[in-house]
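Peer 1: Submitted below is the structure of interest, expressed as structure tokens.
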Amino acid sequence: MSTTAFLTDSTLCIGCKACEVACKEWNQIPDDGLMWSGKSYDNTVALGASTWRHVKFVENTPIPGLGGNSPQSAAWSFSSDVCKHCEEAGCLEACPTGAIVRTEFGGVFIQPDVCNGCAYCVVACPFGVVDRNERDGRAFKCTFCYDRQHAALEPACAKACPTKSIQFGELESLRRAAHQRLNELEARGVQDAHLYDPRESSVKGTHSIFIVRGDPAVYNLPSAPDVPTVHLRRGWTAAAVAAGMLLTGTALAFLGGQR
Amino acid sequence: MNNPQSDTQLLRGRISEERLMEIRREAESRAQHFPGAASTSAGLPARADAESGYYALPLLKPPRWKWQVPAYFFTGGAAGASAVIAAIARVSAKDPGLARDAQRLATAGAFVSPILLSSDLGRPARFLNMLRVFKPQSPMSVGAWILAGFSASSTAVSVLDLRSHHSRLGSDGHSILQPTTQVFAALMGLGLSTYTGVLIGATAVPVWYENVGLLPYHFGASALGSAVGLLELAGHHSSDALGLLGIGAACAETVAEARTEIKSDRALKPLKSGKSGWLTRLGSILSGPVPLVLRLLAGRRSSARSDNLRRIAAASCVAGAVLTRAGWIAAGSASTKDAAVSLTLANGRSKQSTQIVA
Chain A
855 MSTTAFLTDS
865 TLCIGCKACE
875 VACKEWNQIP
885 DDGLMWSGKS
895 YDNTVALGAS
905 TWRHVKFVEN
915 TPIPGLGGNS
925 PQSAAWSFSS
935 DVCKHCEEAG
945 CLEACPTGAI
955 VRTEFGGVFI
965 QPDVCNGCAY
975 CVVACPFGVV
985 DRNERDGRAF
995 KCTFCYDRQH
1005 AALEPACAKA
1015 CPTKSIQFGE
1025 LESLRRAAHQ
1035 RLNELEARGV
1045 QDAHLYDPRE
1055 SSVKGTHSIF
1065 IVRGDPAVYN
1075 LPSAPDVPTV
1085 HLRRGWTAAA
1095 VAAGMLLTGT
1105 ALAFLGGQR
Chain B
1166 MNNPQSDTQL
1176 LRGRISEERL
1186 MEIRREAESR
1196 AQHFPGAAST
1206 SAGLPARADA
1216 ESGYYALPLL
1226 KPPRWKWQVP
1236 AYFFTGGAAG
1246 ASAVIAAIAR
1256 VSAKDPGLAR
1266 DAQRLATAGA
1276 FVSPILLSSD
1286 LGRPARFLNM
1296 LRVFKPQSPM
1306 SVGAWILAGF
1316 SASSTAVSVL
1326 DLRSHHSRLG
1336 SDGHSILQPT
1346 TQVFAALMGL
1356 GLSTYTGVLI
1366 GATAVPVWYE
1376 NVGLLPYHFG
1386 ASALGSAVGL
1396 LELAGHHSSD
1406 ALGLLGIGAA
1416 CAETVAEART
1426 EIKSDRALKP
1436 LKSGKSGWLT
1446 RLGSILSGPV
1456 PLVLRLLAGR
1466 RSSARSDNLR
1476 RIAAASCVAG
1486 AVLTRAGWIA
1496 AGSASTKDAA
1506 VSLTLANGRS
1516 KQSTQIVA
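Taken in sequence, the protein lines are chains A and B.
With positions in the first sequence counted from 1, the corresponding number in my numbering is that position plus 854.
With positions in the second sequence counted from 1, the corresponding number in my numbering is that position plus 1165.
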């Protein structure tokens, strides 16, 4: 099977949140209640157990004169966030039940019939994507529409996107498409567009790549996310030495001083 | 919607930038805020920028564990260290009463710990799913197996002890089985009292992974201190060996606390300020310097005064160990709320941000 991926192009996103709605409808995700965040028009706020697509609303200072804007008004950029489906996935490595698996399409999938809700994946995700649903007890995140992909359909969010901001396809061809798009944008005078594809980091690349303008940190996209397994060697070495000290100390205390 | 007239007025009126800011402030004040959203300086609405990230909203998710997990860290740690004490005390054959009580403490912990851990699961009935795979790359999986091995072997040791006590079969029936099981339980105990440091250290939470090299020592020392404390409170306050172990654990805890205090990194802020800072600091003081001084004052000669001092030191150690575990979980929670830290650390700019804050 080929490795499938999302390319989310924020320069095409109009912030309509159709992806959020389509995801909720197809996957029958519970609602999050009515809440005002006070953060632009983003009342979804973050990805979580019941939010698998999340449109971010970034307010920039516009270039004066461009499009008739005054410097006092805000220029909007939108970007639809989703699980990154990491090549080295922290949640998958951390899962103690084997509930989290890699599918034949290369995505990271939580098997709901196996997950026991230990919540260790929640602290293992460097992108803050997966979360435990406290009403249900289990952990949830984007399934990459595993069921739809099985039926040779594209994921619901990509299907619903009216501007092709969310593209679904084979990972390498989407990477090529992204670079083509960046060249096109540059030719049109957009100098600050980047491809967010952290292949140099320890997650070794993601199956959700993003075109964003400006610093990816503005969209809470860390430029060098770490898969937590990089800390294992230091941790277990320290644990082995600590256990050795505990054993030696106890042995010395009991067997050493003959009084 | 109930008042269409005001809606039309609003639509007719020219919505200036000032009005937009007014609406935004109203939303800020009336909104049911996203829990954990960082407040911005000067009361201005947070912005999405490269310094504070996306509206200073947390990049990471906080640990979803409830009180049972830090409680398990405490009971598991104390039981694990107690199993080590029980095995070695039995080998030394100097204090059979202490060996017996340490084994009882280990078995009690082996009984309580899995209950605490599974009651925190979202689906407690699926506890055994932890044992359908073994994943060395997952500290939670390794820990589940250590706990299973520890619970089974500690219980077995206690059962074998009871049988040999009652049946008076002599040692021939259990001559190999009992010591082998006890050694195995002690080895599992070593793992149980230290692995929890790796469990939280090998995560995406900055304050935890920045201390991944310290946490196993810290939790191991805390486990030893609490096992010693509980045994002393159970009446073994004049055991020389326990006294020495108590001094050792208190020394290790003092060093661990000093190391944290010396470092000035923004990622360590949750250990120094706020509720989590209070908890970890108080926990460290109660399990480090306080029992150290009391134990040194108590001296090596047993008297009514020194016994009292040791009992206070023991209680302080136990309280400190509980607070330490609760504090570290709270610190993890606070750490995930600082989006700037998780973004800058991941960007490899931690050195710069350190200097700005320190």
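Every residue, glycine too, gets a C-beta built ideally from N, C-alpha and C.
Would you call A:Phe-981 buried or exposed, if buried means 16 or more other Cβ atoms sit within 10 Å of its Cβ?
Peer 2: That one is buried.
Peer 1: How long is the line joining the alpha carbons of B:Ala-1550 and B:Leu-1410, rounded to whole angstroms?
Peer 2: This structure leaves residue 1550 of chain B out entirely; chain B is present only between 1166 and 1523.
Peer 1: Could you confirm whether any beta carbon from chain A is found closer than 7 Å to the beta carbon of B:Leu-1409?
Peer 2: Chain A contact via Cβ: present.
Peer 1: If you draw a straight line from the C-alpha of B:Val-1307 to the C-alpha of A:Asp-1046, how long is it?
Peer 2: About 46 Å.
Peer 1: Please list the residues of the segment 1487-1498 of chain B that have a C-beta atom closer than 9 Å to any C-beta atom in chain A, keeping them in chain order.
Peer 2: Listed by position, the residues of the segment 1487-1498 of chain B near chain A (Cβ gap below 9 Å) are Gly-1497.
Peer 1: Spatial neighbours of B:Tyr-1219 within its chain, please: C-beta separation below 8 Å, excluding the five flanking residues on both sides.
Peer 2: For B:Tyr-1219, where only same-chain residues beyond five positions count, the Cβ hits under 8 Å are Ala-1213 and Ala-1504.
Peer 1: Give the range of the alpha helix (DSSP H) segment to which A:Lys-878 is assigned.
Peer 2: It spans 872-881 - the alpha helix (DSSP H) in which A:Lys-878 sits, taken as one unbroken run.
Peer 1: Exposed or buried, A:Glu-879, counting other C-beta atoms within 10 Å across all chains shown (16 or more means buried)?
Peer 2: Exposed, since its Cβ has fewer than 16 Cβ neighbours within 10 Å.
Peer 1: What span of residues does the alpha helix (DSSP H) with A:Leu-1025 cover, start to end?
Peer 2: From DSSP, the alpha helix (DSSP H) with A:Leu-1025 extends over 1025-1041.
Peer 1: Could you check whether the Cβ of A:Ala-903 sits closer than 7 Å to any Cβ belonging to chain B?
Peer 2: It does not: the Cβ of A:Ala-903 has no partner Cβ on chain B nearer than 7 Å.
Peer 1: Using the rule of at least 16 other Cβ atoms within 10 Å of the residue's Cβ for burial, across every protein chain shown, is B:Gly-1324 buried or exposed?
Peer 2: Residue 1324 of chain B is actually Val in this sequence, not Gly. Classification for B:Val-1324: exposed.
Peer 1: Given a threshold of 16 other Cβ atoms within 10 Å of its Cβ, counted over all protein chains shown, does B:Tyr-1360 qualify as buried or as exposed?
Peer 2: It is buried - the Cβ of B:Tyr-1360 has at least 16 other Cβ atoms within 10 Å.
Peer 1: Kindly provide the ranges of any beta strand (DSSP E) runs that are 3 or more residues long and lie completely inside the segment 1217-1286 of chain B, ordered along the chain.
Peer 2: You should have found no qualifying run.
Peer 1: Taking only beta-carbon positions, decide if A:Trp-880 is within less than 7 Å of chain B.
Peer 2: So no, A:Trp-880 is outside the interface.
Peer 1: For a contact meaning CB atoms closer than 8 Å, what does A:Asn-1074 contact in chain B?
Peer 2: Neighbours of A:Asn-1074 on chain B, chain order: Gly-1218, Tyr-1219, Leu-1222, Leu-1224, Ala-1504 and Leu-1508.
Peer 1: Quick check on the DSSP output: the alpha helix (DSSP H) that includes B:His-1383 runs from which residue to which?
Peer 2: That run of the alpha helix (DSSP H) goes 1380-1398.
Peer 1: I'd like to confirm the pairing. Which residues does DSSP put opposite A:Cys-940 in its beta bridges?
Peer 2: In DSSP, A:Cys-940 forms a bridge with A:Thr-1060.
Peer 1: So which of B:His-1401, B:Tyr-1382 and B:Ala-1423 has the shortest CA-CA distance to A:Val-1095?
Peer 2: Taking only the C-alpha atoms, the option nearest A:Val-1095 is B:Tyr-1382.
Peer 1: So which residues on chain A does B:Trp-1230 lean against when the C-beta distance must stay under 7 Å?
Peer 2: Going along chain A in sequence order, the residues near B:Trp-1230 (Cβ under 7 Å) are Ala-973.
Peer 1: Taking B:Phe-1384 as the reference, which of B:Gly-1242, B:Ala-1211, B:Met-1305 and B:Gln-1347 has the closest Cα?
Peer 2: Residue B:Gly-1242 is the option with its Cα nearest to B:Phe-1384.
Peer 1: Please classify B:Lys-1300: does DSSP put it in a helix, a strand, or coil?
Peer 2: In the structure shown, B:Lys-1300 sits in coil (DSSP, three-state: anything other than H, G, I, E or B).
Peer 1: Report the partner residues of A:Val-899 according to the DSSP bridge assignment.
Peer 2: According to DSSP, A:Val-899 bridges with nothing at all.
Peer 1: Determine the burial state of B:Trp-1493: buried for a count of at least 16 other Cβ atoms within 10 Å of its Cβ, exposed for fewer.
Peer 2: Label assigned to B:Trp-1493: buried.
Peer 1: Below 7 Å on C-beta distance, what does B:Ser-1303 contact in chain A?
Peer 2: Near B:Ser-1303 (Cβ distances below 7 Å), the residues of chain A are Glu-947, Ala-948, Cys-949 and Pro-950.
Peer 1: Whole angstroms are fine: how far does the CA of A:Ala-978 sit from the CA of B:Pro-1435?
Peer 2: Each residue's Cα considered, the two are about 19 Å apart.
Peer 1: How should B:Leu-1185 be labelled, buried or exposed, when 16 other C-beta atoms within 10 angstroms of its C-beta is the threshold for buried?
Peer 2: Per the 10 Å Cβ criterion, exposed.
Peer 1: Do three or more CB pairs link the segment 961-979 of chain A to the segment 1010-1024 of chain A at distances below 8 Å?
Peer 2: Cβ pair count under 8 Å is below three, so no.
Peer 1: Could you list which residues in chain A have their beta carbon closer than 8 Å to that of B:Ser-1247, in chain order?
Peer 2: Under the 8 Å cutoff, chain A gives no residues; its nearest Cβ is about 10 Å from B:Ser-1247.
Peer 1: With a floor of 4 residues, list each alpha helix (DSSP H) that falls wholly inside the segment 1446-1521 of chain B, ordered by position along the chain.
Peer 2: Complete alpha helix (DSSP H) runs here, min 4: 1454-1463, 1469-1501 and 1504-1511.
Peer 1: Could you name the residues of chain B that A:Glu-913 contacts, counting a contact when the two beta carbons are closer than 9 Å?
Peer 2: The contacting residues are Arg-1212 and Ala-1213.
Peer 1: So is B:Gly-1274 buried or exposed if we call it buried at 16+ other beta carbons inside 10 Å?
Peer 2: Result: buried.
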